[in-house]
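Chains as they are written, first to last, in my numbering: chain A, 1 to 384; chain B, 1 to 384; chain C, 1 to 157; chain D, 1 to 157.
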Ligand SMILES: [Zn+2]
Ligand SMILES: [Zn+2]
């Protein structure tokens, strides 16, 4: 049902720890201009704009108002999306629905964040996203939320910290080719294991950074002759208010991802995800999450995802490259992060990924994570 | 283009200065249950939910996460909309688009706010919605922003404060019939003129209150045999980041409203708004705004809207009733306020407005206001 | 436009006050803590039992009309030791570290409850361990979350 | 669920710090204030002139590549006297009241600029009045908005 929808262009800023040379609208404008150029469009070729960040990180409480000069949205249909970590993937889904619904032929999705503006107090900001009475007293943001998940995963599977560490070792190798990446210095397993403990079992190098950056992606029902990545599946599963309801004891912590994947795979006719995807751009906020969630996505049997990284399968030249961009572990401008996954995967499908290009990509899997262990999945393909 | 969309039910909480007896999700649930009952639906009859507030008023920075237990949104497609004062009208527009696009047959829009949770510091919250470098130093929230507009209107038209005061005198008369209204005590013109100065020329009784409350409205493409208010026109105009760009000197301060009205009137075939509308539910945050904006809507010639209130036209038994509910001047749970206008207007069209019912309503005009003098317009009719 | 020689940043340190209504169900729970009791809500439609109690059932969106008291003990399903510094949004100053918290399933509940643990060495904790709730002395309890001090490893652990 | 006898509210007073990058155009403007100058940006495509200067033209979304200096005077298009108390988000304490601000169109600009007025009696102000910008003494200017003290009524007013 609905129009078929293609991605025909994307743009990113370099993601950095502090972009003091640009204001927020200027930062956004960098990504928007790059996306318009990549899509071969002028501003008047955009029919509507969806823009997102998490406004408490900047303390600007109408961030769409603030951003409008950077997006080119003055006088256009303009919608802000802010769903926490999933903001970027929600932007992509909203843009998809707006185009698929037939009312806006071409929609620009714009995600951004300036985490440096809150002087590194990202955890404080994240804590204020949760219930003030029951969960704020204990929660230490995404770090401790993910640590609890990792504890449960470790207890269930017996996977060791050195196995999880391989995820960031490989991510940094990939990021070394990515000019947009925030962190691209090589790290080793012993360095990961010796890095400071944040929240057991998570150490500093297990966790994603906080970045300033922006990303924009053009969705259209009228790609004409342009190289297109077609949206073949879209699914979102948000769940409960309280983390205590999320953690009630499914066989995986984040069953929203398994549910969203099943929905999207059904739409795209994917039966064997391990074989049918040519590349994955996964939202992996920490090393342990990459392992559990690869299993939730059906890329490895339960308890055995570590082998994907250990045996080379997930390498950029492996059988199923996972995050050839370096992923969230190497750049995390939160409101843009999920959209960067879409931008990278669409570039792979469009054979426009430059130094990051994986050979012969026809089908790509994209995920988003956020909120109270919310999950979003998008599948892109070279054919509609 | 798109599916025809009807409103088949709506629910509100009573709007009060402090609802300490319910938490935010419980407050929301009151409105949701009322809307489902009014529409004759069970929760499983809702295909998607759009929910909105302005999260900085509660300091809860994933308000859709917090609200989900109240909306019944667990596991459903679920989108947060937060556009400042326009939040409620944006919710209605988003729900309309989701249904019109054909992908979700029935969508529930839910708006809410608990302004008492920030201990009355609503102005502080609103200031943080504006540019931190250029406009926060001077701005005193919506109060001073609207005062500047009123100053310009007064200078241009010569309208006197006692003429503007009639707007709230009539609003309170109407609110006396409305069990949901926050303020329903009668006031007189001398009382308005003697009330404390907030920001010249606005006095305390010229300005809307801050309330705790919630509202929910059901939009569907499948009304069946239910009484329906059909959406016949939808338009939104958001503009610039800086108020200094807004105020650059059009003949009316808020030319977004004139533009949005022209767009929506075109969709609905409205040529003579003064004659063709049977009732108006206008977002009037202050008395002076009601005057200027009635002119922007074409309900009176420029500079002459005060006559609508002076000669009885705008009374609930007048020729063009404006805000028979009492309007924003009598209840203002910000994230719900624009949606309350839609709820009230749809009830009028559905002949379901009870003690507020105006005789023979076939066509209703609804507006929303917010942001940097943003405007939204929706037209409802008894026929599709 | 000229080159950027000296980029400027503008500082703002807002201090805001929020006062969150616990509402009917939350007030019941906090009042229960004052009495040293753990209160939950039960759904008549799907029999789900949830703590803290709330209006709408997470399983079926039904109204949870029955309050039930749970034994103050349960099973530890996951835990973490928080060791990094950050500003506590309740106070604006750094939260004392290190501290442990975990997800506890009360006996008879369907969900888990996130709260502090007494033990500060994660090596001494294990998933599946029984734990019990420890309250402030009765005279010091005021009807707030902090009336519940922490969970501590229980017998059988 | 039992009746609600004593509703409970939970207080939270977060204190947060933000440090906003002015960026290339904003830094130019603030540096200009330090020098006692009003700098604007001009669009090559549509000739619009805007103050403060910014990257993207509000008229055509073109890049505003030219900086221009404006005379420090203009016309008062609207004004208000703020007389009610509220917490200033810059400081967390009450902003000093009363104060006047207005919308000023600089000579040569297309938009208006919102800033303080020296006059505190609105009866002495009128729409259309000429005003001029008054700066801090040169030695005290540091490159921030407060380097511009206010607008005061000018000759011809
Ligand atoms: Zn139930
Ligand atoms: Zn221009």
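We treat Cβ as the ideally placed atom computed from N, Cα and C, and that holds for glycine. Note that the structure is predicted; figures quoted are calculated from it, not measured.
Check whether the Cβ atoms of residue 48(A) and residue 78(A) lie closer than 9 Å to each other. Position 48 of the first chain, counting from 1, holds the residue named residue 48(A). Position 78 of the first chain, counting from 1, holds the residue named residue 78(A). Result yes, Cβ atoms of residue 48(A) and residue 78(A) sit closer than 9 Å.
Which same chain residues, not among the five before or five after residue 298(A), have their C-beta less than 6 Å away from its C-beta? Against the first chain, residue 298(A) aligns to sequence position 298. Same-chain partners within the cutoff: 273.
Out of 320(A), 278(A), 277(A), 2(A), which has the shortest C-alpha to C-alpha gap to residue 103(B)? Your numbering for residue 103(B) matches position 103 in the second chain. The shortest Cα separation from residue 103(B) among 320(A), 278(A), 277(A), 2(A) belongs to 2(A).
What are the uninterrupted segments assigned as beta strand (DSSP E) that are 3 or more residues long and contained completely in the segment 90-141 of chain D, given in chain order? 99-106, 113-117, 130-135
Opposing strand residues paired with residue 12(A) [DSSP bridges]: Here residue 12(A) corresponds to residue number 12 of the first chain, with the count starting at 1. Answer is 215(A), bridged to residue 12(A).
Would you mind working out which of 300(B), 134(B), 90(B), 259(B) sits nearest residue 277(B), comparing C-alpha positions? Mapped onto the second chain, residue 277(B) falls at position 277. The shortest Cα separation from residue 277(B) among 300(B), 134(B), 90(B), 259(B) belongs to 300(B).
Could you work out which residues of chain F lie near residue 136(A), taking near to mean beta carbons separated by less than 8 Å? Protein chains A, B, C and D are contained in the structure displayed, whereas chain F is not.
Given a limit of 7 Å on CB to CB distance, which residues of the segment 54-85 of chain C reach chain B? 54, 55, 56, 58, 61
Is it the case that the Cβ atoms of residue 124(C) and residue 98(C) are separated by a distance below 9 Å? Start at 1 with the first residue of the third chain, and residue 124(C) comes out as number 124. Start at 1 with the first residue of the third chain, and residue 98(C) comes out as number 98. Contact: no.
Measure the alpha-carbon distance for residue 37(B) versus residue 4(D) and round it to whole angstroms. Within the second chain, the letter at position 37 stands for residue 37(B). Within the fourth chain, the letter at position 4 stands for residue 4(D). Using only the alpha carbons, I get a separation of about 25 Å.
First and last residue of the uninterrupted alpha helix (DSSP H) at residue 30(C): Taking the third chain and counting its residues from 1, one reaches residue 30(C) at position 30. Segment 23-34, the alpha helix (DSSP H) holding residue 30(C).
Residues that residue 230(B) bridges to, as DSSP identifies them: The residue you call residue 230(B) lines up with position 230 of the second chain. Answer is 6(B), 381(B), bridged to residue 230(B).
Closer than 8 Å to a non-hydrogen atom of ligand 2 - does that hold for the CB of residue 109(D)? Taking the first residue of the fourth chain as position 1, residue 109(D) is located at position 109. Because no heavy atom of ligand 2 lies under 8 Å away, the Cβ of residue 109(D) does not count as near it: no.
Alpha carbon to alpha carbon, how far is residue 30(D) from residue 145(D)? As a first step, residue 30(D) is located in the fourth chain; it is residue number 30 there, counting from the start. As a first step, residue 145(D) is located in the fourth chain; it is residue number 145 there, counting from the start. About 7 Å.
Run through chain D and tell me which residues come within less than 8 Å of residue 124(A), C-beta to C-beta. Locating residue 124(A) in the first chain gives position 124, where the first residue counts as 1. Within 8 Å Cβ-Cβ: 14, 16.
Determine whether the beta carbon atoms of residue 39(D) and residue 70(D) lie at a separation below 9 Å. In the fourth chain, counting from the first residue as 1, residue 39(D) sits at position 39. In the fourth chain, counting from the first residue as 1, residue 70(D) sits at position 70. Yes.
Show which residues of chain D have a CB atom less than 7 Å away from the CB atom of residue 4(C). Within the third chain, numbered from 1, the residue matching residue 4(C) stands at position 4. Residues of chain D passing the Cβ test: 24, 27.
Which of helix, strand or coil DSSP assigns to residue 42(B): On the second chain, residue 42(B) is found 42 positions in, with the first residue counted as 1. Three-state result, residue 42(B): coil.
So the candidates are 197(A), 245(A), 347(A), 179(A); which of them puts its Cα closest to the Cα of residue 114(C)? Numbered from 1 along the third chain, position 114 holds the residue referred to as residue 114(C). It is 245(A).
Among 335(B), 344(B), 180(B), 207(B), which one has its Cα closest to the Cα of residue 288(B)? Along the second chain, one-based indexing puts residue 288(B) at 288. Here the closest residue by C-alpha is 207(B).
Check whether residue 324(B) and residue 61(C) have beta carbons under 9 Å apart: Translated into the one-based positions of the second chain, residue 324(B) becomes position 324. Translated into the one-based positions of the third chain, residue 61(C) becomes position 61. Result no, Cβ atoms of residue 324(B) and residue 61(C) do not sit closer than 9 Å.
Strand pairing of residue 286(B), partner residues [DSSP]: Indexing the second chain from 1 puts residue 286(B) at position 286. BP columns for residue 286(B) point to 207(B).
Determine the contact status of residue 101(D) and residue 138(B), defining contact as a CB-CB distance below 9 Å. Position 101 of the fourth chain, counted from the first residue, corresponds to residue 101(D). Position 138 of the second chain, counted from the first residue, corresponds to residue 138(B). Contact flag set, yes.
Identify the contact partners of residue 142(D) in chain B, using a Cβ-Cβ distance below 7 Å as the criterion. Position 142 of the fourth chain, counted from the start, is the residue given in the question as residue 142(D). Neighbours of residue 142(D) on chain B: none; closest Cβ ~14 Å, over 7 Å.
Identify the continuous alpha helix (DSSP H) that holds residue 91(B) and give its terminal residues. To locate residue 91(B), count along the second chain from 1; it is residue 91. Taken as a continuous stretch (DSSP letters only), the alpha helix (DSSP H) holding residue 91(B) covers 87-100.
With a threshold of 9 Å between beta carbons, is residue 52(D) in contact with chain C? As a first step, residue 52(D) must be located in the fourth chain, where it is residue number 52. No, its Cβ sits nowhere closer than 9 Å to a Cβ of chain C.
By Cβ distance, which residues of its chain are closer than 6 Å to residue 50(A), with the 5 residues on each side in sequence left out? On the first chain, position 50 is the one that residue 50(A) refers to. Once the five neighbours on either side are set aside, the close Cβ partners of residue 50(A) are 79, 81, 91, 94, 95, 109.
What's the gap between the Cα of residue 33(D) and the Cα of residue 112(C)? Here residue 33(D) is taken as the residue at index 33 of the fourth chain, counted from 1. Here residue 112(C) is taken as the residue at index 112 of the third chain, counted from 1. Their backbone Cα atoms lie some 57 Å apart in a straight line.
Could you check if residue 62(D) belongs to the surroundings of ligand 2, using beta carbon to heavy atom distance under 8 Å? Sequence index remark: in the fourth chain, residue 62(D) carries index 62 (1-based). Yes, ligand 2 has a heavy atom inside 8 Å of this Cβ.
Check whether the Cβ atoms of residue 341(A) and residue 367(A) lie closer than 9 Å to each other. To locate residue 341(A), count along the first chain from 1; it is residue 341. To locate residue 367(A), count along the first chain from 1; it is residue 367. Closer than 9 Å, so yes.
Going straight from the alpha carbon of residue 117(D) to that of residue 153(D), what length do you get? In the fourth chain, residue 117(D) corresponds to position 117, counting from 1. In the fourth chain, residue 153(D) corresponds to position 153, counting from 1. In a straight line, the C-alpha of residue 117(D) is about 8 Å away from that of residue 153(D).
DSSP puts residue 63(C) in a beta bridge; with which residues? Indexing the third chain from 1 puts residue 63(C) at position 63. According to DSSP, residue 63(C) bridges with 56(C).
At a cut-off of 8 Å, is residue 70(B) close to ligand 1 when judged by its beta-carbon and the heavy atoms of the ligand? Numbered from its first residue, the second chain carries residue 70(B) at position 70. No, Cβ of residue 70(B) sits at least 8 Å from all heavy atoms of ligand 1.
Within 10 angstroms of its Cβ, does residue 335(A) collect 16 or more other Cβ (buried), or is it exposed? Position 335 of the first chain holds residue 335(A). It is buried - the Cβ of residue 335(A) has at least 16 other Cβ atoms within 10 Å.
Find out if the Cβ-Cβ distance for the pair residue 147(A), residue 200(A) is shorter than 9 Å. In the first chain, residue 147(A) corresponds to position 147, counting from 1. In the first chain, residue 200(A) corresponds to position 200, counting from 1. A contact, by the Cβ cut-off of 9 Å.
Expected contact under 8 Å - CB spacing of residue 228(B) and residue 7(B) to nearest Å: The residue you call residue 228(B) lines up with position 228 of the second chain. The residue you call residue 7(B) lines up with position 7 of the second chain. Right, the Cβ-Cβ distance comes to about 7 Å (below 8 Å), so this counts as a contact.
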